[in-house]
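The numbering of the sequence shown is the numbering used here, which starts it at -19 and goes up by one. Quick reminder that beta carbons are idealized off the backbone N, C-alpha and C, glycines included.
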Amino acid sequence: MAKDGTIKVTGLKELEKNLRALQKEYGGKAAPQAMRPAIKAAITPLKALVEDDTPVDGGWLLKSVKQTISKPTRAMKASNPNLYKDTTILAGRVGYFGKNVIRRAVFMEYGTRDIAANHTLERVFDREAKGMANRFKSALGPAIEKKAKALNKKRNKGG
């Protein structure tokens, strides 16, 4: 990680190009299925860290901590156009999810006039950024190879 807190990630365009080629060649959900294990490996430890750092206020917010891996929705793309592009294959998220939880989560994260900001999500993600990138990188190659092997086996069986 750089001194200013940034991480330089290279090769994403090539990765996306190769995943799209995999998708085009094999069809179905080949690219998302190849990426899912790597995304899961990258974000799984974050759920426990967010739970540990969430202030207990009766447990309602704590119980809403979840992790999801899915294709970005239109709402996600609309609210974060710089983060979620039309080319984004899958998005892994960890945070507070549920009905009517967003207001409490925002107040806890950024504070209000009467409540001090806690920055739980920001702290966890900053602390784990390098680890997430390393876990993703370590898991992606084997996940793609495993998926390609399964697809080749399926292709050869049918031919």
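Buried/exposed call for residue i, threshold 16 Cβ in 10 Å
| i | result |
| --- | --- |
| Glu108 | buried |
| Lys(-7) | exposed |
| Met112 | buried |
| Ala58 | exposed |
| Ala85 | buried |
| Lys4 | exposed |
| Val(-11) | exposed |
| Lys127 | buried |
For residue i, the three-state DSSP class (helix, strand or coil)
| i | result |
| --- | --- |
| Arg93 | coil |
| Lys65 | coil |
| Lys129 | helix |
| Lys137 | helix |
| Thr(-10) | coil |
| Asn(-2) | helix |
| Val81 | coil |
| Asn114 | helix |
Check whether residue i and residue j have beta carbons under 8 Å apart
| i | j | result |
| --- | --- | --- |
| Leu41 | Val81 | yes |
| Ala22 | Ala123 | no |
| Leu26 | Val74 | yes |
| Leu70 | Pro17 | no |
| Lys20 | Ile49 | yes |
| Pro35 | Asn98 | yes |
Contacts around residue i, its chain only, beta-carbon distance under 7 Å, and the 5 residues preceding and following it disregarded
| i | result |
| --- | --- |
| Leu131 | Tyr6, Ala10 |
| Leu63 | none |
| Asp33 | Thr100, Arg103, Val104 |
| Arg115 | Ala21, Ala22 |
| Met56 | Tyr64, Ala71 |
Chain-order list of residues whose beta-carbon lies under 6 Å from that of residue i (same chain, five-residue window excluded)
| i | result |
| --- | --- |
| Lys46 | Phe77 |
| Leu120 | Ala18 |
| Lys43 | none |
Own chain partners of residue i with C-beta closer than 8 Å, once the 5 adjacent residues on each side are dropped
| i | result |
| --- | --- |
| Leu29 | Val104, Arg107, Glu108 |
Mind pulling the alpha helix (DSSP H) runs of 4 or more residues that sit fully within the segment 6 to 75? Fully enclosed alpha helix (DSSP H) runs of 4 or longer: 10 to 33, 40 to 43, 54 to 59.
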